[in-house]
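Below is one structure; the comments refer to it alone.
There are 2 protein chains.
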Amino acid sequence: MKIDPNSSADLSAQIAQAIRDAIVDGKLIVDERLPSEAEMADQFNVSRPTVREALKRLAAQSLIRTQRGATGGAFVNRLSFPDAYAQQITTSTLLLSMNAVSFDTACEARYALERACAPLSSQRRTADHLATMRAEIHRQQQPGLTDEAFCDSDVAFHRALVDGAQNPVLSYQLAGAVEGMQPLMNMITFTARSRNQIVSLHTAIADALERREAAAVDDTLKELSEYTQSLARDVMAKRAR
Amino acid sequence: MKIDPNSSADLSAQIAQAIRDAIVDGKLIVDERLPSEAEMADQFNVSRPTVREALKRLAAQSLIRTQRGATGGAFVNRLSFPDAYAQQITTSTLLLSMNAVSFDTACEARYALERACAPLSSQRRTADHLATMRAEIHRQQQPGLTDEAFCDSDVAFHRALVDGAQNPVLSYQLAGAVEGMQPLMNMITFTARSRNQIVSLHTAIADALERREAAAVDDTLKELSEYTQSLARDVMAKRAR
DNA sequence: AGACTTTTAAATGTCTGACAAATAGAAAAG
DNA sequence: CTTTTCTATTTGTCAGACATTTAAAAGTCT
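In the order they appear, the protein sequences are chains U and E. Position one of the first sequence corresponds to residue 1 (our numbering), numbered consecutively onward. Position one of the second sequence corresponds to residue 242 (our numbering), numbered consecutively onward.
Printed below as a string of structure tokens:
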């Protein structure tokens, strides 16, 4: 592992990249201990603060963890699904909020991905998944619910639908698509009428899933997608006036 | 923005989180300049190196960029699609390589998501997308091609298919699913026969896409998914002996 | 000998102060 | 008015120090 001291890039960025490459390429394996900060400073011919900045970059991506004390140090971290979820959601949220992505585009992506889960979820969903969905539907019918709480419940409902596919990789990918859209969804004001419409579609989805009818789930999701987009268009139109 | 000096967490991690929250919540907007490192050190009552470690954490997630010089400083970065791609791919790759995710699970997720793009891509693909796919098919038929180069071309082919949907959010999400699987795919040895089979399926997909027949694309993708999984099972079986 | 306490060494976390390098704007020179 | 030079600001890097945490080694008592 070498760095170029004459490069225009920051030394800490170069060091971080070198270590990152080593991890991705499997030269450093999970739970392996990196040399101590002082040793690395020697190796790379830089100071300890520079090495530390590099390590903090890696820690921010959950690639390493550090431990203090006698047998401490920096260790290659096993990237867990929850860690990956969290990063994925932050990235997706910012990507959508900072890049003038239209609601339609985001919505289309979300429902396209979600519909990909429908056949698998129909096959494999457990009673648990179904119970979660029913519970969320019930919550969505509470009268005093704020728009935000309604959206939270909506996310939880769709989460259960996705998790029903019993494929952690799929759940991980979808986490970004579904939760990243929440800030956009929160801009919509849900009237009593639109809530009822959504609840009835959710119920239709849950019913179809209970009967394990993939095609019906897919159709209803499509309907829900179109309804959501029409709601968003109404909000935009009102805001334009 | 406040931090708790008595918390067990690192000061730099706390500071990074405080700034990250401010960005996600929209309290800091794109291209806004953060205070200088010295000023932040004062504000948070910590030293400059500690502030710097916090900033490097944020830089690692592409949340900020820094500039040297008189009017320099740290600026909230607009998270670009390419940046988001890169992060997604690193995360997905590591998630798959470190977590004993079965080839079947990853493959299922990948093709489920890809099939979600098929209808959109059938509608919207341009001549360019089709040309890219044809070119990659041609490349896949070169005799001297290494397994790795074959996989690269495979990724490029599927990339074009996904991009054909003309939905950047979908492309971003799929980047992780498709490219993250590459290391797993690279473990497969592609015999001349299996390459021919894959090429013929790719050709069928391109043909169907040319005719804009979504259902045919979907069917062929399903076939390809099953064939890929059967190849992987053969490799596993051979390795077991 | 065995269990408990103390010491010690190694590592990360943090601070201070300094200098280098880049950069934009102000000041000076032509 | 244009070009050059200077200057102030800010990030990048370094060196050395001390604080804190932690596990293992050494020591002590029963």
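Just so you know, even glycine gets a beta-carbon here, dropped at the ideal spot from N, CA and C. All figures in this text were calculated on a predicted structure; none of them were measured in a lab.
Query, Result
"Does the region 144-161 of chain U come into contact with the region 186-198 of chain U, if we say contact requires no fewer than three beta-carbon pairs (one atom in each stretch) closer than 8 Å?", "yes"
"Shorter than 8 Å from the beta carbon of U/G176 to some beta carbon of chain E?", "yes"
"Taking 8 Å as the CB-CB limit, is E/V271 close to chain U?", "yes"
"On the premise that E/V410 lies in contact with U/T105, defined as a C-beta separation below 8 Å, what is that separation, rounded to the nearest angstrom?", "6 Å"
"Looking at E/T307: is its Cβ nearer than 8 Å to the Cβ of E/G417?", "no"
"For E/M422 versus E/L337, is the C-beta distance shorter than 8 Å?", "yes"
"Taking the alpha carbon of E/A455 as the point to measure from, which residue in E/P276, E/A357, E/D245 and E/A315 has its own alpha carbon closest?", "E/A357"
"With DSSP collapsed to three states, give me the class of U/A100.", "coil"
"Which of the three DSSP states is assigned to U/R65 in this structure?", "strand"
"Assign U/Q61 to buried or exposed, taking buried as 16 or more other Cβ atoms, counted over all protein chains shown, within 10 Å of its Cβ.", "buried"
"Considering Cα atoms alone, identify which of E/R351, E/A341 and E/L275 is closest to E/G314.", "E/L275"
"What is the C-beta distance between E/L296 and E/I264, in whole angstroms, given that I count them as a contact (C-beta under 8 Å)?", "Contact doesn't hold; Cβ gap of about 12 Å is too wide."
"Name the one or two DSSP bridge partners that E/V410 has.", "Partner(s): none; E/V410 has no beta bridge."
"Does the separation of the CB atoms of E/Q414 and U/Q87 fall below 8 Å?", "no"
"Would you mind sorting E/N437 into buried or exposed? The rule is 16 or more other CB atoms within 10 Å of its CB.", "exposed"
"Exposed or buried, what is E/N318 when buried is set at 16 or more other beta-carbons lying within 10 Å of its beta-carbon?", "buried"
"What does the alpha-carbon distance come out to for the pair E/S249 and U/V46?", "29 Å"
"If we count the other Cβ atoms within 10 Å of its Cβ and call it buried at 16 or more, is U/R68 buried or exposed?", "exposed"
"Have a look at U/D234 and E/Q382 and give me their C-alpha separation to the nearest angstrom.", "51 Å"
"Quick check: the Cα distance between E/A449 and U/E53, rounded to an integer number of angstroms?", "51 Å"
"If you measure from the beta carbon of U/L34 to each beta carbon in chain E, is any gap under 8 Å?", "no"
"Go ahead and label U/G299 buried or exposed: buried means 16 or more other beta carbons lie within 10 angstroms of its beta carbon, across all protein chains shown.", "Outside the shown range of chain U (1 to 241) lies residue 299 of chain U, about which nothing can therefore be said."
"Just list the beta strand (DSSP E) runs in the region 67-149 of chain U, keeping only unbroken ones of 3 residues or longer that don't cross its boundaries, in chain order.", "73-76"
"Does any residue of chain U bring its CB to less than 8 Å from the CB of E/M288?", "For the sequence presented, residue 288 of chain E should be read as Ser rather than Met. Chain U contact via Cβ: absent."
"DSSP three-state label for U/R212, please.", "coil"
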